[in-house]
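A short write-up of the structure that comes next.
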Amino acid sequence: MKTDDLITLLANGTEATERHAVGRRLTVAVLIGAMLALALVAGLFGINPALPRWVGTPLFWWKPALPALLLIVGLACVGRLARPGGTPGRLAVVLLVPAVVMWVAALYPLSTVPAAERPGLILGQTWRTCALNIAMLSLPAFAASVLALRQLAPTRPRAAGAAAGLVAGAIATLAYSLHCPEMAPPFWAIWYLLGMAIPVCAGALLGPRLLRW
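Start counting the sequence shown at 0; every next residue gets the next number (numbering that gives the first Met the number 0).
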């Protein structure tokens with residue numbers, strides 16, 4: 000087929016794109032991922048019975064703050080990368096801000112307790128399973144995000160896959176925080192971030208294959 004014929008064929012086959020297609024598809028993906036993650040938490044782990052008491056303490060709200068902020072920035076990154084030629088731009092740097100703030104916040108309790116007590120703040124009681132549980136809970140949101148991206152036009156599949164992994168990991172962490180018994184910022188700063196890093200890395204590795212045109 001000649002080049003001119005191909006251009007004519009593509010031009011004749013074009014259709015108007017929905018104005019809010021990206022936002023609509025990503026919203027659906029987030030809702031599906033969140034509902035499934037919550038269902039898994041309730042069914043596999045159970046909601047922590049101490050949650051009503053914790054909600055009234057300022058410290059508790061640091062727990063969902065980190066994944067919530069990363070979810071917002073991650074969604075903005077996915078929204079950009081879902082379009083042809085889109086890049087995360089400065090949002091890639093903004094992603095570091097919540098993590099740095101959490102690490103700084105974690106230093107205070109570590110500096111105020113004896114050295115013998117610091118491993119307890121870092122490891123808690125669930126360090127062996129926390130990150131793996133978050134990674135497992137991220138699977139539904141990751142699948143939903145990838146399906147949404149496959150209906151769009153990302154031209155940087157590795158970056159788009161990583162961003163989808165971040166969104167999925169943040170959703171999973173928010174859901175898992177309803178069960179997690181740990182209330183020490185040093186624990187969250189390490190194991191929550193590690194749990195979210197797993198789907199990010201998986202998305203970066205799988206993106207070129209899953210989002211290939």
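The C-beta atom is built at its ideal place from N, Cα and C for all residues, glycine as well.
For L165, the number of other beta carbons within 10 angstroms of its own is at least 16, and it is reported as buried. With a cut-off of 8 angstroms on Cβ pairs, the region 160–174 is not in contact with the region 106–124, counting fewer than three such pairs. DSSP places L68 within a helical segment (H, G or I) once states are collapsed to three.
For the region 15–84, the continuous alpha helix (DSSP H) assignments of 4+ residues that do not extend past its boundaries occur at 20–39, 50–53, 61–80, in sequence order. Rounded to the nearest whole angstrom, the C-alpha separation of I189 and P57 is 20 angstroms. The C-alpha of V21 is placed about 32 angstroms away from the C-alpha of H178. The Cβ atoms of A163 and G123 do not sit closer than 9 angstroms to each other. For T128, there is no enclosing alpha helix (DSSP H), as DSSP gives it neither H nor E.
S110 sits in a helix when the DSSP states are folded into three classes. Per DSSP, the unbroken alpha helix (DSSP H) holding L192 starts and ends at 192–209.
In the structure shown, P184 falls within a helical segment according to DSSP collapsed to helix, strand and coil. When only Cα atoms are considered, T125 and E181 end up about 8 angstroms apart.
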